[in-house]
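Here full-length UniProt numbering is used: the first residue of the sequence shown is 1, the next is one more, and so on.
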Amino acid sequence: MENRKSQQKGIHLGTHGEKYGNWMSAPVFYMVGGLLALAVVLAVLFFTVFRITVLGVIFTATAAVLLALLFWITWIRRQYAFGGGGMMEGVHQAVLSHLDYDGKGKLLDVGCGSGALSIRAALTWPETKVTGIDYWGAAYGYGQAMCEKNAAGEGVGSQCTFQHGDANKLDFPDESFDAVVSNYVYHNITGANKQALLLESLRVLKKGGVFALNDDMKPRMYGNMEAFAQKLRDMGYQEVQLIDTAKEAFGSRRRAAMMLLGDSRLLVGRK
């Protein structure tokens with residue numbers, strides 16, 4: 001385990017100009033900024049033109065709240081950024097350091113986003129073939145071309161394949177992969193049973209294969225994850241653990257909560 005952690009800390013992405021985006025998406029940033037500008041304009045109008053003091057005060061207070069929110073999400077973006085606080089890379093390090101994988105075979109990254117975790121896996125295990133799948137919605141600006149360009153820039157283009165996919169129903173036969181990883185994906189899939197999503201990811205894992213599935217596992221979304229881990233053990237899965245990545249990757253649950261990922265937990269084990 002310690003060797004795997006040391007290995008992960010020795011890998012740094014984005015040193016050749018690759019772009020991995022940010023978990024605090026730009027549209028949210030721009031939306032809050034736009035609302036702040038609108039609130040300021042309305043406050044000025046109600047104070048100086050319409051002379052309705054009550055509404056001027058309301059919009060001034062609204063602007064103050066939005067300004068505080070803008071500072072907060074700007075701080076979050078800075079903490080996540082590869083060239084800033086590096087928390088995105090730090091979480092990826094934590095996820096792969098818990099994957100007890102020999103690197104010989106095929107690895108699936110469910111919800112690969114900009115390709116960062118897939119690429120890190122390829123750099124970690126040069127003999128493995130990595131497949132990254134994602135629905136690539138519009139919110140984060142990620143896409144297949146971005147993933148492929150990033151992989152080529154990091155020197156692992158021949159190891160990595162990226163394709164459109166749906167975590168609800170993976171387009172692979174049972175027992176297709178030797179390892180499966182995922183990071184902060186399932187909580188974004190609205191209307192889906194989260195434990196069912198986990199089982200679907202595990203469906204494509206070979207017998208004896210390993211998994212590391214990290215997400216913001218809020219009880220209201222995921223239910224009782226301790227019971228789910230025991231269910232996997234009863235099904236024959238081995239070495240099943242739930243790891244508190246809010247503490248391990250962020251340093252504390254409080255800091256993770258400040259970055260909107262306070263219930264981060266990593267499900268690991270072997271099929």
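Just so you know, even glycine gets a beta-carbon here, dropped at the ideal spot from N, CA and C. Only a predicted model underlies this, so the values are computations on that prediction, with no experimental measurement involved.
Alpha carbon of residue i to alpha carbon of residue j, nearest angstrom
i    : j    : result
Y101 : D244 : 20 angstroms
K149 : A246 : 31 angstroms
Y237 : F211 : 11 angstroms
A257 : D178 : 33 angstroms
L266 : R51  : 55 angstroms
V95  : A39  : 41 angstroms
F250 : V91  : 8 angstroms
A61  : A68  : 11 angstroms
F82  : M88  : 7 angstroms
I189 : I133 : 14 angstroms
G223 : S252 : 22 angstroms
W75  : L260 : 12 angstroms
Q159 : K106 : 10 angstroms
Unbroken alpha helix (DSSP H) run spanning residue i, endpoints
i    : result
A179 : Counting along the chain, A179 falls outside any alpha helix (DSSP H), though it belongs to the beta strand (DSSP E) covering F177 to N183.
D234 : M225 to D234
R270 : No alpha helix (DSSP H) holds R270; the beta strand (DSSP E) holding it covers S264 to R270.
E239 : Taken as a continuous stretch (DSSP letters only), E239 belongs to no alpha helix (DSSP H), being part of the beta strand (DSSP E) at Q238 to I243.
E154 : Element bounds for E154: n/a, residue is neither H nor E.
S118 : A116 to T124
A192 : It is not in any alpha helix (DSSP H) - A192 carries neither H nor E in the DSSP assignment.
P219 : P219 to Y222
A256 : R253 to M258
Coil, strand or helix - residue i by DSSP
i    : result
V204 : coil
H164 : strand
I11  : coil
L107 : strand
N214 : strand
G21  : coil
G209 : strand
P27  : helix
G33  : helix
C112 : coil
A145 : helix
Sub-8 angstroms separation of residue i and residue j beta-carbons
i    : j    : result
F162 : C112 : yes
H164 : Q144 : yes
L36  : L66  : yes
T131 : L117 : no
G85  : Q93  : no
E154 : E18  : yes
V180 : L199 : no
G21  : Y135 : no
V268 : L99  : yes
V110 : A63  : no
Terminal residues of the beta strand (DSSP E) in which residue i lies
i    : result
I133 : K129 to D134
Chain B within 8 angstroms of residue i, Cβ atoms only
i    : result
T190 : Among the chains in the structure shown there is no chain B, since it carries only a single protein chain.
Subject >> Inside the segment 37–103 only - alpha helix (DSSP H) runs reaching at least 4 residues >> reply: 53–80 and 87–97
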